[in-house]
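Visitor: Line by line, the protein sequences are chains A and B.
Our numbering applies: residue -3 is where the first sequence begins, and numbers increase by one.
Our numbering applies: residue 13 is where the second sequence begins, and numbers increase by one.
Every residue gets a Cβ at the ideal spot worked out from N, C-alpha and C, and that includes glycine.
The structure displayed is predicted, hence computed values, not measured ones.
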Amino acid sequence: MNVNDFKNKYIPSEFLEFNPRLYAFIIMLIVGLSAFLIFPVKEISGYIDPFYSPTIFILPFVGLYRLTCYAYRKDYNRHIFKHPIGCDLKNRLDSMKRTYTGETSGLFKIENLHRYFLYVSILIVPFFYYDFYTSLFINNIFVFRLGSVLLLVNAIFITLYVLSCHSLRSLIGGRKDCYSCMSYGAGIKNLYDKQSWLNKHHEQLAWISLVFIIFVDLYLRGLTAGMPLDITFLKL
Amino acid sequence: MTNKKVKFKIYRKDPKISNDYRYDEFDVPMEEGMVVLDGVNYIVEHYDSTISVRWNCKAARCGSCAAEINGYPKLMCKTRVEQMGDVITVNPMKAFPLVKDLVTDVSINFEIDKKIPEFTPKNMGKKPWTIYDIDVNRAQEFRKCIECFLCQDTCHVVRDHNTKYIGPRHVIKAAALDMHPMDVLDRSESLTKDMGLGYCNVTKCCEEVCPEHIKITDNAIIPEKERAADNMYDPIMMLIKKLKNKSNRDKK
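1) Measure the C-alpha to C-alpha separation of residue 25(B) and residue 75(A) and round it to an integer number of angstroms.
2) Which residues in the same chain have their Cβ closer than 7 Å to the Cβ of residue 141(A), if we skip the five residues on either side of it in sequence?
3) Compute the beta-carbon to beta-carbon distance between residue 230(B) and residue 195(A), rounded to the nearest angstrom, for a pair I have assumed lies under 8 Å.
4) Cutting at 8 Å between CB atoms, please list the residues of its own chain near residue 117(B), excluding the five before and the five after it.
5) Hey, quick one: how far does the beta strand (DSSP E) through residue 138(A) stretch, first residue to last?
6) Can you give the Cα-Cα distance for residue 224(A) and residue 6(A), rounded to whole angstroms?
7) Suppose the cutoff is 6 Å on Cβ atoms and the five residues either side in sequence are ignored; what does the same chain contact list for residue 99(A) look like?
8) Provide the residue(s) that pair with residue 134(A) in DSSP beta bridges, ordered along the chain.
9) In this structure, does DSSP put residue 232(B) in helix, strand or coil?
10) Strictly below 8 Å CB to CB, what residues from chain A border residue 84(B)?
11) Count the C-beta pairs between the region 149 to 165 of chain A and the region 175 to 184 of chain A that are closer than 8 Å, then say yes if the count reaches three, no if not.
12) Using a Cβ-Cβ cut-off of less than 7 Å, list which residues of the region 241 to 264 of chain B approach chain A; keep chain order.
13) Select from 182(B), 224(B) and 115(B) the residue whose C-alpha is nearest the C-alpha of residue 130(B).
14) Which same chain residues, not among the five before or five after residue 219(A), have their C-beta less than 8 Å away from its C-beta?
15) Could you please give me the residues that DSSP links to residue 78(B) through a beta bridge?
16) Does DSSP put residue 172(A) in a helix, in a strand, or in coil?
17) Between residue 217(B) and chain A, is there a C-beta pair that is closer than 8 Å?
18) Would residue 98(B) and residue 19(B) qualify as a contact pair, given that the criterion is a beta-carbon distance under 8 Å?
19) Under 7 Å, CB to CB, which of the residues in the region 156 to 169 of chain A have a partner in chain B?
20) Looking at C-beta atoms only, is the number of pairs between the region 182 to 192 of chain B and the region 147 to 160 of chain B that lie closer than 8 Å three or more?
21) I want to verify the contact list: residues of chain B whose CB lies under 7 Å from the CB of residue 185(A), in sequence order.
22) Please look up how many angstroms separate the CB atoms of residue 204(A) and residue 153(A), rounded, as I've assumed it's under 8 Å.
23) For residue 23(B), which residues does DSSP report across the bridge?
24) Less than 8 Å separating the beta-carbons of residue 67(B) and residue 88(B)?
25) For residue 16(B) and residue 39(B), which I take to be in contact (beta-carbon distance under 8 Å), what is that distance rounded to the nearest angstrom?
26) For residue 235(A), tell me which candidate among 22(A), 55(A) and 156(A) has the shortest Cα-Cα distance.
27) Looking at residue 232(A): is its Cβ nearer than 8 Å to the Cβ of residue 138(A)?
28) So, helix, strand or coil for residue 50(A), using DSSP?
29) By how many angstroms is the C-alpha of residue 35(A) removed from the C-alpha of residue 61(A)?
30) Considering only their Cβ atoms, is the gap separating residue 232(B) from residue 200(B) smaller than 8 Å?
31) Below 8 Å on C-beta distance, what does residue 80(A) contact in chain B?
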């Protein structure tokens, strides 16, 4: 296989276009990931940073879950790759002149395996609740602090984000055609309908959970830097 | 009637005569509750009866008056003039061949429809069949489609790229059939292999412009992509399906 064949097969044309938005995104990713590795904040005052829970090495899987997520696909296809940037026909910045392969070529084909990153994410979610639980005790003394509230809210947002996933929607009943023909069909359809309601908010949850986890990380980094941010509500 | 006037810029072209196009401008008196189609009809009646425009029900039910209004795909009969500013530019849908002025030839959609494998019921004995609400209420949403083809017009894959993607309108048709409890086919694989489903990058413009507010991407395209992943990309699911099919064959 020569270089051109390799390029055509595995590298989508979007990566070969001059695109400052893409370069900025890649630089942000590299800077962010390097910062996590160079300046780790694993634990401070009994709080475990959610980015390091259970380990920083899980981050690539979580990152791939978000990168292959249908909600983020819409956002980066619009705002990074400009395919198209918006539905307003005057300003969409897409044209016949640009090569386009969608999700059919090499690297973007991985999006079809979103469900595997979902499975990993489901396994990770309980760790956030465990971190909240452990943050409630310092030297076997129960303390309820602002940091614990933030860890709990973060865990809830991430849970809702993961549970509202389109792949999960398919998994729990979306792929079925006849609920009345199955055992527990009514229950499955009920569960599917409930998840579908949550799924309507998937995009909002994707962004809220991302912003909030970054906020919690910054909060804990603030504590590490000695800022008096934490408030104790109850100590027993 | 108010004294306010709105400027309409109407796209004019007759491909049978010339490839040149122009915009003709008209001042139209604004009335309360007026829609863009009222304005265009006013122009045809009072200024220029040679303008070609297709419309039928004027109630957002037939989908005939689909156009690009100020650069956004909309139904002319459902777009209030007062919400569109002082200058309203009306273009035909650019994803389809132009017949004349605001009229396009959308017949290609009826050809694409024929590619979708038709409803194939399992042998369910005597008709009429008993069909339960919980089995069909998902696909009811897709029945709301009025075939205005605004989603096809706004889809950047259909409009800007020469691929085999059939477009959102047709994926919802395939999804409605796939989700039918009596249907035995799974169209997701042929949608992906032969009808270019993989070219859709879920940017949801089709959902944004749909006058019936059908959740085209969330409820039809993504479920079909997930079904295609079951059949073509997910090794575990493929193995499970294979074993299930084998066990069904053995039982027979």
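Guide: Checking against the coordinates, here is how it stands:
1) 34 Å
2) 226, 227, 228 and 229
3) 7 Å
4) 108, 109, 110 and 111
5) 137 to 141
6) 50 Å
7) 107
8) 137(A)
9) helix
10) 83, 84 and 85
11) no
12) 241, 242, 245 and 246
13) 182(B)
14) 40, 41, 43, 143, 225 and 226
15) 87(B)
16) coil
17) yes
18) yes
19) 162, 163 and 166
20) yes
21) 146
22) 6 Å
23) 35(B)
24) yes
25) That belief does not hold up - the Cβ atoms of residue 16(B) and residue 39(B) are roughly 10 Å apart, past 8 Å.
26) Residue 235(A) falls outside the range modelled here, since chain A spans only -3 to 232, and no answer is possible.
27) yes
28) coil
29) 24 Å
30) no
31) 168, 172, 215 and 217
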